[in-house]
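For reference, the structure is listed below as structure tokens.
In my numbering, the protein residues as written are -1 to 583.
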């Protein structure tokens, strides 16, 4: 029986390597090589893991094909970095691609690309053109749509610490709530993919989309049910309305997500079978020596041609201890240091696996140093599902300005009649912060530095024994992480704008509970769309990362304001997640 055909989603892999490994990995002359080294190490590991040298590297001949932009002109438009060149590739990565291609060719790995198409289309066509077992290697969940019921196709997704997640069609019901590959594509169309410019249906997330597809059987059936006013499988009146309004856009998105599987790929499959005779270890070693990644090249050569390496063939990760896999291999050790191998029970961990608590305050004003708390909400999510919510109405003993009451709908009279003393509410909030922290939870809010600074100021005003900053669990700020993953998107980043952008339902904005719920949904959407930079980080890691991100974002905004207004005295606070309270005497 032949070893499986390993199909590399090469663009996804070189992007992952480029951002995962330090940009200080360079040749002796200073040329960046982090992406090249990362991809070569990954291929070597895959060859060892699957005991296969039958590998093909697919490429994007056109990352925004005309046949897709003709259907959805906005497809991937927001990713363009250089409007003139029409490319999304950072210069330091772009410079490495010719070298990577040369290394692949020298290793005897066919480079498969077809004019006017993306790597996904080549992958689908390779699968359609062969009857043998296939392993797709990609972090991109869209390729789950190519899984077949016979179990011939496996999607191998890279995780932290050198671990891999293997997904077959039989795993889809448990992991994603749908029955097969085509159903996953329908789910994705309903959910949308903002990073690709595909909007989906407002207010429908992954779990709701899965429930609808599983219940009605297909995308067309879901749309027909909404048009007919049916109410089964979570099809609420609001969702019916949104589906009907978005039906054509969703159908176009589904069409764009469907991979072409009829490309002529026979030459690439033939090249896989003759790879050994085309393999040129000497050229690969020469390229590696010139650019300073000799060990990565030697590991790849050893995995593809065991007899070419000194001593015995390398042990596969399945048979070796983790330390042995990285011993004597600085490149692999670098990756392991960046992403330490988790314990077996933590392989699916990341902050999204922790208890996630949405947090929001409604207040008497917009200045966090002077505003007082009116309402507060904490909403708990576990595994992406809301499990509990807590709400408070507080009487701070002050008048609620008419402008504030107009925003959140709560008057001074209502607070006097139904609210609780602020000191009691504050004590309970601090107790819950402590519980969430001790339970390993994480707090999520939008522009949460505002809410937390108010909370800190209230503890000082009321003479609390403990400050909010002493009890606060790790924090996620959707304002910060949204800007980090999509820094060049134009338009507002207020909560309602983010809810619309990430297709999260927010019908009652400026209600503390509604805002807290929506904020968690947005954070989970961002984590799902950006697993490497957001979703797979631990609570402590994502909290620490945001401190730096917020500092850089504030510095950039400060520079912009100074240029725009011609005033060099303008300052923007870098403090996060608490600002130092500035109380009036």
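Glycine residues also receive a C-beta, built at the ideal position from the N, C-alpha and C atoms.
Quick one: what does DSSP say residue i is sitting in, helix, strand or coil?
| i | result |
| --- | --- |
| residue 281 | helix |
| residue 338 | Residue confidence is low: residue 338 scores 32 on pLDDT, short of 50, so the model does not pin down where it sits. No coordinate-derived value is stated. |
| residue 162 | strand |
| residue 359 | strand |
| residue 70 | coil |
| residue 257 | coil |
| residue 459 | helix |
| residue 473 | strand |
| residue 354 | strand |
| residue 65 | helix |
| residue 450 | helix |
| residue 389 | strand |
| residue 211 | helix |
| residue 102 | helix |
| residue 10 | helix |
| residue 206 | helix |
| residue 384 | strand |
Nearest to residue i by alpha carbon, out of the options?
| i | options | result |
| --- | --- | --- |
| residue 249 | 467, 521, 500, 66 | 66 |
| residue 356 | 505, 440, 178, 395 | 440 |
| residue 574 | 26, 226, 547 | 547 |
| residue 424 | 227, 27, 371, 252 | 371 |
| residue 378 | 415, 430, 228 | 430 |
| residue 211 | 194, 192, 183, 200 | 183 |
| residue 215 | 185, 0, 461, 363 | 185 |
| residue 457 | 235, 368, 180 | 368 |
| residue 407 | 442, 68, 362, 173 | 362 |
| residue 395 | 412, 405, 428 | 412 |
| residue 259 | 358, 123, 10, 525 | 123 |
| residue 479 | 467, 436, 452, 523 | 523 |
| residue 552 | 428, 572, 219 | 572 |
When the Cα atoms are used, what is the spatial distance from residue i to residue j?
| i | j | result |
| --- | --- | --- |
| residue 56 | residue 99 | 11 Å |
| residue 23 | residue 13 | 15 Å |
| residue 544 | residue 230 | 41 Å |
| residue 558 | residue 539 | 29 Å |
| residue 474 | residue 268 | 50 Å |
| residue 2 | residue 116 | 23 Å |
| residue 542 | residue 570 | 20 Å |
| residue 438 | residue 352 | 7 Å |
| residue 508 | residue 127 | 54 Å |
| residue 145 | residue 125 | 10 Å |
| residue 138 | residue 516 | 25 Å |
| residue 376 | residue 245 | 34 Å |
| residue 79 | residue 87 | With a pLDDT of 49 at residue 79, under the threshold of 50, the modelled position of that residue is not reliable, and the figure given next carries that caveat. Straight-line Cα distance between these residues: approximately 7 Å. |
| residue 333 | residue 120 | Any answer about residue 333 is weak, because its pLDDT of 34 lies below 50 and its placement is not dependable; what the coordinates show is given next. Distance between the alpha carbons of residue 333 and residue 120: 29 Å. |
| residue 19 | residue 290 | 15 Å |
| residue 445 | residue 491 | 10 Å |
| residue 414 | residue 401 | 18 Å |
| residue 506 | residue 532 | 27 Å |
| residue 365 | residue 567 | 20 Å |
| residue 488 | residue 481 | 10 Å |
| residue 472 | residue 17 | 24 Å |
| residue 178 | residue 171 | 8 Å |
| residue 463 | residue 469 | 11 Å |
| residue 196 | residue 498 | 13 Å |
| residue 381 | residue 432 | 21 Å |
| residue 238 | residue 225 | 7 Å |
| residue 391 | residue 74 | 44 Å |
| residue 240 | residue 513 | 20 Å |
| residue 94 | residue 21 | 12 Å |
Hey, residue i and residue j are a contact pair by Cβ (cut 8 Å); roughly how many whole angstroms apart?
| i | j | result |
| --- | --- | --- |
| residue 105 | residue 282 | 6 Å |
| residue 97 | residue 285 | 7 Å |
| residue 496 | residue 476 | 6 Å |
| residue 294 | residue 91 | That pair is no contact at about 17 Å. |
| residue 584 | residue 54 | Nothing in the structure corresponds to residue 584, since the chain is present only between -1 and 583. |
| residue 398 | residue 385 | With a Cβ gap of about 32 Å, residue 398 and residue 385 do not count as contacting. |
| residue 109 | residue 59 | The pair is not a contact, with the Cβ atoms about 11 Å apart (cut-off 8 Å). |
| residue 188 | residue 202 | 5 Å |
| residue 7 | residue 103 | Wrong, their Cβ atoms sit about 18 Å apart, outside the cutoff. |
| residue 521 | residue 193 | Actually they do not touch by this definition, with Cβ atoms about 15 Å apart. |
| residue 426 | residue 576 | No, residue 426 and residue 576 are not in contact; Cβ-Cβ is about 20 Å, not under 8 Å. |
| residue 198 | residue 251 | 7 Å |
| residue 142 | residue 153 | 6 Å |
| residue 155 | residue 136 | 7 Å |
| residue 449 | residue 419 | Between residue 419 and residue 449 the Cβ distance is about 20 Å, and since that is not below 8 Å, they are no contact. |
Run through the stretch 511 to 567 for me and flag every whole alpha helix (DSSP H) of 4 or more residues, listed as ranges in chain order.
Within the stretch 511 to 567, the complete alpha helix (DSSP H) runs of at least 4 residues are 537 to 563.
Report the residue ranges of all beta strand (DSSP E) runs contained in full by the stretch 127 to 203; include only those spanning at least 3 residues, in chain order.
Listed in chain order, the complete beta strand (DSSP E) runs (minimum 3 residues) inside the stretch 127 to 203 are 132 to 135, 151 to 156, 162 to 165.
Ordered list of beta strand (DSSP E) runs contained in the stretch 407 to 442, each at least 3 residues
DSSP runs (the beta strand (DSSP E)) wholly in the stretch 407 to 442: none.
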